[in-house]
Each structure stands twice: as structure tokens, then as C-alpha cells.
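Note sheet for the following structure.
Protein chains: 2
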Amino acid sequence: MMFRTIEWLENGVVRLVDQTKLPLKVEFIETSSHERIAQAIKVMEIRGAPAIGAAAGMGMALAALESNAQTKDELISYLETAAQTLNTRPTAVNLTWATRRMLGVARAAAGDVQAIIQRLIEEAKEIAEEDVRMCRRIGENALPLIRPGFTIQTICNAGSLATVHLGTVGAVIRVAHEKYGDIKVYAAETRPRQQGARLTVFEMMEDNIDTTLITDGMIGTVFRDGRVDCCVVGADRILKTGHVTNKIGTYTMAITAKYHGVPFYVAAPTSTVDMETNVEDVIIEERSPDEVRIINGEYITVPTAKVYNPAFDITPPELITAIITDRGVVKNPTEEKMRKMFA
Amino acid sequence: MMFRTIEWLENGVVRLVDQTKLPLKVEFIETSSHERIAQAIKVMEIRGAPAIGAAAGMGMALAALESNAQTKDELISYLETAAQTLNTRPTAVNLTWATRRMLGVARAAAGDVQAIIQRLIEEAKEIAEEDVRMCRRIGENALPLIRPGFTIQTICNAGSLATVHLGTVGAVIRVAHEKYGDIKVYAAETRPRQQGARLTVFEMMEDNIDTTLITDGMIGTVFRDGRVDCCVVGADRILKTGHVTNKIGTYTMAITAKYHGVPFYVAAPTSTVDMETNVEDVIIEERSPDEVRIINGEYITVPTAKVYNPAFDITPPELITAIITDRGVVKNPTEEKMRKMFA
Numbered sequence: 303m304m305f306r307t308i309e310w311l312e313n314g315v316v317r318l319v320d321q322t323k324l325p326l327k328v329e330f331i332e333t334s335s336h337e338r339i340a341q342a343i344k345v346m347e348i349r350g351a352p353a354i355g356a357a358a359g360m361g362m363a364l365a366a367l368e369s370n371a372q373t374k375d376e377l378i379s380y381l382e383t384a385a386q387t388l389n390t391r392p393t394a395v396n397l398t399w400a401t402r403r404m405l406g407v408a409r410a411a412a413g414d415v416q417a418i419i420q421r422l423i424e425e426a427k428e429i430a431e432e433d434v435r436m437c438r439r440i441g442e443n444a445l446p447l448i449r450p451g452f453t454i455q456t457i458c459n460a461g462s463l464a465t466v467h468l469g470t471v472g473a474v475i476r477v478a479h480e481k482y483g484d485i486k487v488y489a490a491e492t493r494p495r496q497q498g499a500r501l502t503v504f505e506m507m508e509d510n511i512d513t514t515l516i517t518d519g520m521i522g523t524v525f526r527d528g529r530v531d532c533c534v535v536g537a538d539r540i541l542k543t544g545h546v547t548n549k550i551g552t553y554t555m556a557i558t559a560k561y562h563g564v565p566f567y568v569a570a571p572t573s574t575v576d577m578e579t580n581v582e583d584v585i586i587e588e589r590s591p592d593e594v595r596i597i598n599g600e601y602i603t604v605p606t607a608k609v610y611n612p613a614f615d616i617t618p619p620e621l622i623t624a625i626i627t628d629r630g631v632v633k634n635p636t637e638e639k640m641r642k643m644f645a
Numbered sequence: 303m304m305f306r307t308i309e310w311l312e313n314g315v316v317r318l319v320d321q322t323k324l325p326l327k328v329e330f331i332e333t334s335s336h337e338r339i340a341q342a343i344k345v346m347e348i349r350g351a352p353a354i355g356a357a358a359g360m361g362m363a364l365a366a367l368e369s370n371a372q373t374k375d376e377l378i379s380y381l382e383t384a385a386q387t388l389n390t391r392p393t394a395v396n397l398t399w400a401t402r403r404m405l406g407v408a409r410a411a412a413g414d415v416q417a418i419i420q421r422l423i424e425e426a427k428e429i430a431e432e433d434v435r436m437c438r439r440i441g442e443n444a445l446p447l448i449r450p451g452f453t454i455q456t457i458c459n460a461g462s463l464a465t466v467h468l469g470t471v472g473a474v475i476r477v478a479h480e481k482y483g484d485i486k487v488y489a490a491e492t493r494p495r496q497q498g499a500r501l502t503v504f505e506m507m508e509d510n511i512d513t514t515l516i517t518d519g520m521i522g523t524v525f526r527d528g529r530v531d532c533c534v535v536g537a538d539r540i541l542k543t544g545h546v547t548n549k550i551g552t553y554t555m556a557i558t559a560k561y562h563g564v565p566f567y568v569a570a571p572t573s574t575v576d577m578e579t580n581v582e583d584v585i586i587e588e589r590s591p592d593e594v595r596i597i598n599g600e601y602i603t604v605p606t607a608k609v610y611n612p613a614f615d616i617t618p619p620e621l622i623t624a625i626i627t628d629r630g631v632v633k634n635p636t637e638e639k640m641r642k643m644f645a
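So the sequences go chain by chain: R and U. For the first sequence, this note's numbering assigns the number 303 to the initial residue and increments by one for each residue that follows. For the second sequence, this note's numbering assigns the number 303 to the initial residue and increments by one for each residue that follows.
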């Protein structure tokens with residue numbers, strides 16, 4: 303990939319690629335406003351759990367620069383409001399993780415307000431750098447599970463564009479492809495927002511990885527035909543029980559993979575692991591009916607059609623072969639194994 | 303439904319609703335050319351196995367009118383060529399069924415050429431009328447399986463628009479709704495061509511049946527939530543072994559239904575039953591990559607993306623709770639039970 307998904311430019315400007323324009327146009331948003339970052343998260347100009355975390359960190363640093371605070375208390379008060387503004391998507395654990403981390407740094411920091419602001423900028427950049435390093439570790443940890451010549455089924459986009467660089471699922475594919483040279487990909491379209499078709503196909507083709515697009519309903523046939531060797535999907539949240547919240551369609555794919563004996567891997571950073579929340583307390587974001595009703599500005603159904611549009615689903619651990627993180631791999635996840643790795 | 307999907311007008315003109323324009327525009331095609339009918343089948347202005355059968359029958363009658371044949375042999379020769387022209391979709395068993403039936407009538411008919419042509423017109427109209435009566439019987443046969451208050455999950459369109467009138471799955475829903483008054487529907491979008499969103503939602507809303515649109519990947523969540531009580535899907539072809547060829551996505555839905563213990567019913571006319579072909583000999587039509595890449599004239603992925611686009615999939619009998627036909631219901635289908643009902 304030629305560019306980073308999101309980057310802190312030296313003059314206090316954040317640059318991010320507008321993912322709603324891809325794959326037909328590569329356009330960048332440049333902003334010094336944390337509210338613009340919040341909007342970008344909300345309307346999914348930036349998406350993918352790790353990239354959202356980096357955006358939230360940079361949003362907090364921009365807020366610090368905007369604050370005109372004279373005292374640390376004023377700064378923290380401004381940042382607390384900014385953190386609320388940035389938390390526009392309830393299911394994304396990385397959002398709260400990043401804003402809490404930035405608030406913690408501000409509260410712990412000594413020195414005058416300007417020094418704290420500098421410290422926050424460094425922290426935001428560090429969140430992004432950690433993400434890049436973390437992705438590579440995910441790819442390296444996955445290597446023993448991937449064989450030369452494997453074809454990998456994925457859904458949504460957990461590639462470079464879902465992170466700062468390289469990707470989570472993207473790292474699994476890219477690191478294996480770097481090593482073996484003959485990894486292929488099947489990308490599920492991922493209705494309603496089609497991140498598989500729009501983003502995964504785009505970035506895999508950019509990296510010359512042989513990629514085939516299918517619609518979400520074709521996965522059964524793809525598995526039955528023996529066209530893929532395993533699934534690798536991302537995660538928006540991984541619970542202590544091994545339940546995985548990810549883009550709608552993941553659960554259906556996991557059931558279908560189990561039926562065919564196709565290994566089903568989840569690849570995600572440790573920041574996605576939530577050792578507190580119980581599965582029954584996970585709130586699944588329901589998004590606008592128009593996401594389903596309208597594609598590229600045109601209705602694909604009766605404009606007044608009733609729609610059910612959950613953004614995510616929850617895949618239970620019995621359908622998951624292994625969870626691959628930067629910290630290590632949890633095979634056949636259970637709460638005990640999750641605690642051992644992440645407690 | 304206010305109109306018939308396809309109708310023989312008295313002046314030797316066939317009128318059909320252009321389903322590629324629905325649901326935003328209700329436009330009709332009127333033609334006296336069997337080649338125009340063949341084109342309509344090919345580009346899916348008319349689709350759905352039973353409607354295609356009726357269209358093929360009327361196409362043969364139009365060909366007879368066009369033939370200028372002086373002898374029965376000339377007429378039959380012209381009709382044989384027309385039958386080939388009309389057989390534009392390899393998976394649709396109703397196409398060959400209807401064209402063979404019309405050829406059989408022509409070959410068996412006595413009298414002069416004009417009398418044979420009149421006989422063929424009557425036969426084409428009778429195919430359409432049989433379809434209307436057949437649909438109602440399917441709905442009546444399904445009634446013992448449907449309870450008051452049921453919510454029915456379907457995919458693609460096997461409603462009125464897939465038949466001459468009423469529908470196959472549509473008849474199951476409509477006859478139950480007539481009787482109980484509180485049947486609800488979940489319609490899966492059915493990518494790539496979105497017949498669920500475009501057609502099923504449209505025709506159910508026309509009949510004031512409470513219908514919710516979902517994307518294909520949402521079925522797992524819909525089942526897990528307990529939102530539906532059973533699935534009812536159509537069939538393009540039912541084999542003697544109980545294997546069902548239907549719109550791509552059906553197989554994935556059936557696996558997901560089985561995992562959740564949701565009954566999975568197939569509703570189709572007897573003409574869809576093929577007691578000869580073995581499952582390994584079924585040819586699955588692969589359609590143009592642009593069906594996946596382009597929606598409403600706009601690319602939703604990289605224009606040169608590689609695509610796998612099978613139009614149908616095959617659901618094995620172990621995933622099917624019952625096959626509902628106009629002749630009767632086959633529960634837990636096996637070859638023995640299929641032979642008993644259809645041999």
C-alpha cells in the first residue's frame with residue numbers, strides 16, 4: 303500500500319483517506335478539528351476497529367491543540383467533552399480504549415499545558431506506530447496456520463484500510479504472501495456497505511494478490527466447491543468467553559464454515575479484547591435503513607421498505623478455530639484460555 | 303396483485319411486466335415476436351421458473367403465428383428452431399419442459415396448419431392457467447405447516463412475479479395470510495440481482511403483508527434472534543434425490559437454518575421436479591462478473607476485479623424439512639419418497 307490510512311502531519315493536521323470514495327477515487331481529508339474526526343468516524347470515512355482507535359487518539363490530540371486551555375483542569379475538561387464527541391459508534395471498543403488512554407496520559411502528565419499537549423501528540427503518534435508494529439506481529443503469529451498455496455476467505459475489510467497500515471487480516475495475508483508468494487483471497491462483498499468489494503478487493507489488487515469477489519450468499523457454494531482453505535476475519539470486539547463481534551455476515555459465514563469443516567480464524571489486535579463485558583451486555587448498533595435501501599444514491603427496493611440493519615453480529619467460540627492476536631494465538635477459545643493470554 | 307406477470311392478449315400479442323424496472327417503475331413489454339420473448343428470458347425481464355415456463359409456451363405460440371408455414375412439417379421445423387432460441391438459460395428446467403410440451407402438441411395435432419396454430423395458442427394459455435391453479439394448490443398444501451402469527455423468511459422472488467399470478471412461495475404466504483391474517487415476511491436481498499429487495503418486497507407491500515428487508519449476510523442474526531419461524535424458498539429444479547437447485551444464497555440459508563433448528567421448506571410446482579438428472583450432472587450457470595461489479599449502472603468495486611458468479615446453488619435433502627408442491631408435501635425428502643410422489 304502506497305499510503306497510510308491515517309497520518310499525523312507535522313503542522314497539527316491529520317490526514318486520512320476518505321474510504322467512502324474508494325475504490326474509484328483516492329481522496330484525502332485533511333483536518334485540524336476533532337469534531338471533523340468524530341464525523342469521519344460516524345459516517346465511516348474511516349472505519350475498522352484499529353484505524354478508529356488511531357483516529358480517536360489523533361482526535362484527542364487535535365482537541366488538546368484546539369482547547370485554548372490555560373490550566374490542566376481546563377484542558378482535561380475540554381478533553382472529556384471531546385472524548386464524548388469522538389465516541390460516535392457504540393460497538394467499537396477501540397474508540398473508548400483510545401480516548402481513555404489519551405485522557406489517562408493527560409491526567410498523569412506533569413508540566414505546563416503546552417508540555418501536556420506535546421505529550422498527547424506524541425501519544426497519538428505512538429498509538430498509530432504501535433498499530434503498525436502490532437499488525438506485523440499478528441501476521442507473524444498466524445504463519446504456522448497458513449500453508450503455501452492457501453486460498454483465504456475473508457469478509458468486510460480488516461486490511462490496511464482498517465488499520466493505520468498493513469491490516470490485521472491484511473497482515474495475515476500479506477505476511478504469508480511475503481513468505482510463500484502464492485496466497486490467494488476470496489473477498490465477500492459485505493452488504494450493506496460493501497467494504498469487501500470496495501476496500502478489500504482494492505487493496506489486495508494494489509498489492510498484486512490474486513483476489514476473487516463473491517456476494518455474501520455465495521459462501522456456501524465456495525466452501526462446497528473446496529475453493530478456499532480457511533477463513534480469516536477481523537473483530538470489532540473479542541469477549542473473555544471467546545465470543546467475537548464483527549461485521550454483519552461473519553456469524554453466517556462461521557456457521558457455514560463449520561458445516562464444511564473449513565477452519566475459521568479471527569485476527570485482531572489485543573486492544574480489541576474486552577475482558578469485562580458479558581456477551582448478553584453487548585449492544586449491537588442498528589444503522590439507518592437507507593444503508594440497505596440505497597446503493598450509490600439509488601434505491602434498490604421500495605423507498606418505504608421496512609428494514610432490519612444490525613451492523614454487527616456475534617460469533618460464539620464453538621465456531622472459531624483460533625483467535626490470532628499480536629500477543630499470540632488462542633486455539634479453540636475458552637474463557638480459561640482467554641484469561642491465560644489476556645488477563 | 304393488480305396485474306398478471308405475463309398474459310396472452312387476444313390479438314396475438316404477449317404482454318409482460320419488465321421486472322428489471324421494478325420496483326421503481328411498472329412498465330410492460332408487448333410483443334408478437336418469439337425472439338423478443340427469448341431475449342426477455344435471457345436478460346431476466348421475466349424470471350422465476352414458472353413464469354419462464356409460461357413465457358416459453360407463449361413464445362412457441364408466437365413462433366407458430368410468425369412461421370408462415372404451409373405444411374405441418376414446415377411448422378414443426380420452425381417450432382424446433384424457436385425452441386432452441388427460447389432455451390437461453392441452461393438451469394431452467396421449465397424452459398425445456400414448456401417448449402417440449404408445445405412441440406408435442408404440434409406433432410400430435412391433426413388438421414390444417416391454421417388449426418394447429420390455434421391449438422398451440424390454446425395450449426400456451428392453458429399452461430398459464432394451470433400455473434395459476436397450481437400456485438393456489440401449493441399454498442393450500444402448505445397450510446398445515448404454517449401457524450397463525452408465523453414470520454416467514456424467504457430469498458429471491460418466488461412470488462407472483464416469478465409465476466403468472468400468486469406465486470409459489472408467494473402462494474404459501476398469501477394463502478396463509480388470507481386464512482390467518484397475521485403472516486409476516488423477512489425478505490433477503492439476494493445479491494447479485496437483488497430480486498428479494500426489488501421484487502419480493504414490492505409485491506408483498508402491494509398486498510399489505512408486513513415485510514422486512516435484510517441483506518443476505520444477516521440471516522444468521524435473524525435466526526439467532528428468533529425473528530422468523532420458518533424459511534420458505536422456491537426452486538428452479540428439484541431432483542429425484544431431493545436436491546434443490548435455487549437462487550445462489552439458498553444453500554447458505556439452509557445451512558444456517560439447520561444450525562438454528564429453523565424449518566426449511568421448498569415450495570415449487572411439479573413442473574420443477576426433474577426425476578432424470580443426477581445431482582452431479584446439474585450445470586450451474588455462471589453469469590457475467592458485471593452482475594456483481596455493477597449496481598444501477600455504477601461500479602461497487604474495482605472495475606477489473608475478478609469475480610465468481612454462480613447463479614444457483616444446490617441444497618441437499620438433509621437440510622430440507624419438506625418440499626411443498628401442488629401435488630403434495632414430501633417431508634424429509636428421500637429418493638423413495640420422491641418416487642412415490644412424482645414417478
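Glycine included, every Cβ here is placed at the ideal spot set by N, Cα and C.
Per the Cβ contact rule, the stretch 389 to 400 of chain U is not in contact with the stretch 371 to 380 of chain U (fewer than 3 Cβ pairs under 8 angstroms). Shown here, F504/R sits in a helix according to DSSP, grouped into three states. Taking a Cβ-Cβ threshold of 9 angstroms, the residues of chain U close to A607/R are P325, A489, A499, V503, F504, M507, T513, T514 and L515, in chain order. A417/R sits exposed, since fewer than 16 C-beta atoms from the chains shown fall within 10 Å of its C-beta. Counting the other Cβ atoms within 10 Å of the Cβ of A410/R gives fewer than 16, which makes it exposed. Non-local C-beta neighbours of G461/U in its own chain, meaning closer than 6 angstroms and more than five positions away in sequence, comprise G469, G472, T502 and E505, ordered along the chain. Exclusion of the five residues before and after Q372/U leaves V415 as the residues of its chain whose Cβ lies within less than 8 angstroms of its Cβ.
Excluding the 5 residues flanking it on each side, M577/U has same chain C-beta neighbours closer than 7 angstroms at K542, F644 and A645, in chain order. For R493/R, the neighbours in chain U by C-beta distance under 9 angstroms run, in chain order, E491, R493, T517, D518, G519 and M520. Secondary structure note for I440/R: its alpha helix (DSSP H) is the uninterrupted segment V415 to A444. Scanning its chain for C-beta atoms nearer than 7 angstroms, with the 5 sequence neighbours on each side dropped, one finds around H479/U the residues I485 and I511, in chain order.
Approximately 11 angstroms separates the beta-carbon atoms of E309/U and I331/U; this is outside 8 angstroms, ruling out the contact. At least 9 angstroms separates the CB of K344/R from every CB of chain U. By the rule that beta-carbons nearer than 9 angstroms mark a contact, Q496/R touches chain U. Cβ neighbours of R317/R within its own chain (closer than 6 angstroms, five residues either side excluded): E309, L311, F330 and E332. Residue environment: V530/U is assigned as buried (16 or more neighbouring CB atoms within 10 Å of its CB, all protein chains considered).
In its chain, beyond the 5 residues on either side, F525, C533 and F566 have a beta carbon closer than 7 angstroms to the beta carbon of A559/R.
In the DSSP annotation of this structure, F644/U is not part of any beta strand (DSSP E); the continuous alpha helix (DSSP H) holding it starts and ends at E637 to F644. Between the stretch 635 to 643 of chain U and the stretch 446 to 456 of chain U there are fewer than three C-beta pairs closer than 8 angstroms, too few to call the two in contact. Its chain contains G350 and A353 as the residues whose beta carbon lies nearer than 6 angstroms to that of A464/R, once the 5 sequence neighbours on both sides are disregarded; these appear in chain order.
Counting along the chain, L318/R sits inside the beta strand (DSSP E) bounded by residues V315 to V319.
Contact residues of the stretch 578 to 611 of chain R toward chain U are V594, I597, N598, E600, Y601, I602, T603, V604, A607, K608, V609 and Y610 (C-beta to C-beta distance below 7 angstroms). Of all residues in the stretch 611 to 638 of chain R, only P612 and D615 come within less than 7 angstroms of chain U when Cβ atoms are compared, listed by chain position. For the C-beta of I454/R, not a single chain U residue is nearer than 9 angstroms; the gap to the nearest is close to 15 angstroms. Between the beta-carbon of T552/U and that of V535/U there is about 5 angstroms, and that keeps the pair under the 8 angstroms contact cut. Spatial neighbours of Y380/U in its own chain (CB-CB distance under 7 angstroms, excluding positions within 5 residues in sequence) are listed in chain order as A365, S369 and A371. Taking the Cα of R589/U as reference, the smallest distance to any Cα among I516/U, P635/U, D615/U and A408/U is reached at D615/U. Between I622/U and P635/U the beta-carbon gap is near 6 angstroms, inside 8 angstroms, which marks them as a contact. Using a CB distance cut-off of 9 angstroms, T523/R counts as an interface residue toward chain U. DSSP, reduced to helix, strand and coil, places Y553/R within a helical segment of the structure shown. When the alpha-carbon of A358/U is set against those of I440/U, R403/U and V594/U, the nearest one is in R403/U.
Beta-bridge pairing by DSSP links V564/U to no other residue. Ranking D592/R, I540/R, G451/R and L422/R by CA distance to the CA of V345/R puts D592/R first. Our two residues, D527/U and P618/U, have alpha carbons roughly 25 angstroms apart in a direct line.
For K542/U, the three-state secondary structure derived from DSSP is coil. Per the C-alpha coordinates, the member of P605/U, T606/U, A340/U and A489/U positioned closest to N389/U is A340/U.
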